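Okay, structure first, notes after.
There are 2 protein chains.
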Amino acid sequence: MDVTIADIERAQTRIKSHTHRTPLMTSRLINQLVGCELIFKAENLQKIGAFKARGACNALFSMDRTKLNRGVITHSSGNHGAALAWAAQLRQTQCTVVMPNNAPRAKKDAVANYAAEIVFCEPTMASREASVAALIAARGSVLVHPYDNNQIIAGQGTAALETLEQLDRPVDMLITPVGGGGLLSGSAIAIKESKNASDMLVLGAEPDAADDAWRGFKNGTRVTISNPKTIADGLRGTVGVRNFSIITQHVDDILLTSEERIIEAMRLLWTRLKMIIEPSAAVPLAAIMDQPEQFFGKRVAIILSGGNLDLDKLPW
Amino acid sequence: MDVTIADIERAQTRIKSHTHRTPLMTSRLINQLVGCELIFKAENLQKIGAFKARGACNALFSMDRTKLNRGVITHSSGNHGAALAWAAQLRQTQCTVVMPNNAPRAKKDAVANYAAEIVFCEPTMASREASVAALIAARGSVLVHPYDNNQIIAGQGTAALETLEQLDRPVDMLITPVGGGGLLSGSAIAIKESKNASDMLVLGAEPDAADDAWRGFKNGTRVTISNPKTIADGLRGTVGVRNFSIITQHVDDILLTSEERIIEAMRLLWTRLKMIIEPSAAVPLAAIMDQPEQFFGKRVAIILSGGNLDLDKLPW
């Protein structure tokens, strides 16, 4: 049961009244600096401050009441946890979030604010999954995986679908950050299966320090990593099985970039767009800044994935 | 020759193609915290990152070529300087900006980026005015005062006019920060002389530490201050003569607030709106947070005046 553009369109209808239609932003100065025309989809202004609201909302609004009544559970470095907690409040069900103990405070607070139960684990995928499995065995809660889940993928895909609707004229490519791959895989289906944009390129961008999607993409075999050290806390997860399959099928390339460049791009976006974005959201621009010659004269849409971070721990 | 709403409407037509129609933003969580409904006009997303682009653009696009050819000059703590430098580039004329030596680096850089000449002075109104007078005597440049100027007042008034157009239903009041009073006086004329909003209240908000507008308003006589110590660097100037006259005639009240509250409000806006705003822009929300009972259940529009500040010197 693969996700199709029809699933993404249904997700869009399902979540429309609960989520924001976030604006597209541009900066003449950033365009001058990089030599291409960038259009930023401001998902930092989305509900809970990240695109993750789309997937969680779609998952819980397509779940029947019997399942909902068992309560929902997930593991998340932060934004999916907050999104599921938020959506669970809308659907009046109980929510548990397993979080790595090194998640940013702002993300822990957000999950707590939506009245979810937080269970901390070690910052590895193995620890996350073991904690979730134990809780499911004990309680019977329903897992809503942060990315390896068809309803989540369809929900995240609505950000790209909406971007297509909002653009006044076509772009050459769309770039999204890639962590678990929910956003990238959903975006790829939304673009490649659309009537009008199927010749658009879809690219992922990933930190050097958490390059599992890139390595898997280049080798054709999914790679797992454990506890990667990157400032882009939203991209520390390993790309999911479903996500990897969609990415190898539909995505044109994956770009890598350094920690220093991510910080530089983040600061540039803060300064020029006057918007708070989290490090993960800066990764696509960072990748362009690393090799601008590849993008000269192109028109590029970028999804700014989120805006949740600790204002007391800025990287400059 | 008083400024009228017709001047503001003409300014709107004049500047429309050069400036942004900035969006209105809301936050359910901030509304819950303060107990009223706040609508923020995001002038931090305006050209040069502040509403000042409106006034400078109006002033230079209503100036004839003979005058423009003499070059323009101003004194400014930052945003008006950047705005005049930007507008001077559009009008292809030379621009000099006298800046206090304690202006934020980001604001100095902005003026320099628009190719204006910067002349530094001491951070007092006397020093600012003396430096400008000496340069005018030597060069014959045309002064474009940062606020005590009819075209500037009319230009700044377009932010309130545009807010009225964008609101889906009326608000009870509009609050703006007050420094020199350009924004507040222009806003007051735009609201009080409008057909549909003349019963709306117009309030100014000012730091305790730079309370010249408040003291003048309460006493009926304009007060000058020198080098006030407030984090709200955009509000350190003394309210202008024309501005004071308009404020006493049209403004309903001026509110005061503390430095601590300004920082708290600024951080709240960063966290919840995901937007970079400078300290001056947080002053109206800070004033509401000081006495929320006065605003319970009200619908309040606030102009977020700008978003230019040093990211290396955040107050937390």
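Respectively, the protein sequence lines represent chains A and B.
With the first letter of the first sequence counted as 1, position 259 gets the number 259 in this note's numbering; the numbers rise by one all the way through.
With the first letter of the second sequence counted as 1, position 99 gets the number 415 in this note's numbering; the numbers rise by one all the way through.
Don't be surprised by glycine CBs; every beta carbon is placed ideally from N, CA and C.
Given the structure is predicted, the values throughout are model-derived calculations rather than measurements.
Hey, is Leu-361/B's beta-carbon within less than 7 Å of any beta-carbon in chain A?
Yes, its Cβ sits closer than 7 Å to a Cβ of chain A.
In the structure shown, what three-state DSSP assignment does Thr-573/B receive?
strand
Would you report the Cα separation of Gln-328/B and Thr-474/B, rounded to the nearest angstrom?
6 Å
Near Ile-468/B, what residues of its chain come up, given a Cβ to Cβ distance below 6 Å and the 5 sequence neighbours on each side ignored?
Gly-371, Ala-375 and Gly-498
Just checking Ile-619/B against the ligand GTP - is the residue's beta carbon closer than 6 Å to any of the ligand's heavy atoms?
Judged by which ligands are present, the structure shown has none, so any question about the ligand GTP falls away.
What residues from chain B crowd round Ile-48/A, counting only those whose CB sits closer than 8 Å?
Those within 8 Å of Ile-48/A in chain B number zero; the least Cβ separation is about 11 Å.
Using the three-state DSSP reduction, which class does Ile-250/A fall into: helix, strand or coil?
First, the amino acid is wrong: residue 250/A is His here, not Ile. If DSSP states are grouped into helix, strand and coil, His-250/A belongs with the helices.
Check whether the Cβ atoms of His-391/B and Arg-455/B lie closer than 7 Å to each other.
Contact: no.
By the 10 Å Cβ neighbour count, where 16 or more other Cβ atoms means buried, how is Glu-165/A classified, buried or exposed?
exposed
Over the uninterrupted beta strand (DSSP E) stretch that includes Glu-37/A, give me the two end residues.
Taken as a continuous stretch (DSSP letters only), the beta strand (DSSP E) holding Glu-37/A covers 37-42.
For chain A, find out if any of its Cβ atoms is closer than 7 Å to the Cβ of Ile-346/B; answer yes or no.
no
Does chain B have any CB closer than 7 Å to the CB of Trp-270/A?
Interface residue (Cβ-Cβ distance to chain B less than 7 Å): Trp-270/A is classified as such.
Using a Cβ cut-off of 7 Å, which residues of the region 395-409 of chain B contact any Cβ in chain A, in chain order?
none
Nearest to Glu-278/A by alpha carbon, out of Leu-143/A, Leu-90/A and Pro-315/A?
Pro-315/A
When the Cα atoms are used, what is the spatial distance from Ala-154/A to Asp-253/A?
Rounded to the nearest whole angstrom, the CA to CA distance from Ala-154/A to Asp-253/A is 21 Å.
Taking Phe-244/A as the reference, which of Leu-29/A, Gly-220/A and Asn-227/A has the closest Cα?
Comparing Cα positions, the closest option is Gly-220/A.
Where Met-200/A falls: helix, strand or coil (DSSP):
coil
Assigned secondary structure, Pro-100/A (DSSP; H/G/I helix, E/B strand, else coil):
strand
What are the boundary residues of the beta strand (DSSP E) that includes Leu-620/B?
615-620
Going by the DSSP bridge assignment, what does Val-142/A pair with across the sheet?
Val-72/A
Along the chain, where does the beta strand (DSSP E) that runs through Phe-436/B open and close?
In the DSSP assignment, Phe-436/B falls within the unbroken beta strand (DSSP E) covering 433-437.
May I have the straight-line CA-CA distance separating Asp-484/B from Lys-590/B, to the nearest angstrom?
Cα-Cα distance, rounded: 23 Å.
In angstroms with no decimal places, state the Cα-to-Cα distance between Lys-52/A and Lys-229/A.
22 Å
Please report how far the alpha carbon of Leu-572/B lies from the alpha carbon of Ser-280/A, in whole angstroms.
39 Å
In terms of alpha-carbon separation, which member of Gln-565/B, Thr-540/B and Ile-547/B lies closest to Thr-554/B?
Thr-540/B
Anticipated Cβ contact below 8 Å, Ala-103/A with Cys-95/A, distance rounded:
About 16 Å separates the two Cβ atoms, so there is no contact after all.
Using a beta-carbon distance cut-off of less than 9 Å, what residues from the region 563-594 of chain B approach chain A?
Listed by position along the chain: Arg-583, Trp-586, Thr-587, Arg-588, Leu-589, Lys-590, Met-591, Ile-592 and Ile-593.
is_contact[Gly-234/A, chain B] using C-beta, thresh 7 Å
no
Assuming Met-173/A is part of the beta strand (DSSP E), what are its boundary residues?
For Met-173/A, the uninterrupted beta strand (DSSP E) segment begins and ends at 173-177.
Relative to the alpha-carbon of Gly-622/B, which residue among Asp-524/B, Gly-495/B and Gln-607/B has its alpha-carbon at the smallest distance?
Minimum Cα distance to Gly-622/B is reached at Gly-495/B.
Could you pull out every unbroken alpha helix (DSSP H) segment of at least 4 residues lying fully inside the region 210-241 of chain A, listed in chain order?
212-219
For Arg-531/B, collect the residues of the same chain with a Cβ closer than 8 Å to its Cβ; drop the 5 residues on either side in sequence, then sort them by chain order.
Val-539
Contact with chain B by Gly-71/A, beta-carbon distance below 7 Å:
With respect to chain B, the C-beta atom of Gly-71/A has no partner C-beta closer than 7 Å.
Straight-line CA distance for Leu-354/B to Thr-564/B?
Straight-line Cα distance between these residues: approximately 25 Å.
What three-state label does DSSP hand Glu-9/A in the structure shown?
DSSP, read as helix, strand or coil, puts Glu-9/A in helix.
Under 7 Å Cβ-Cβ, which residues of chain A neighbour Pro-339/B?
Pro-23
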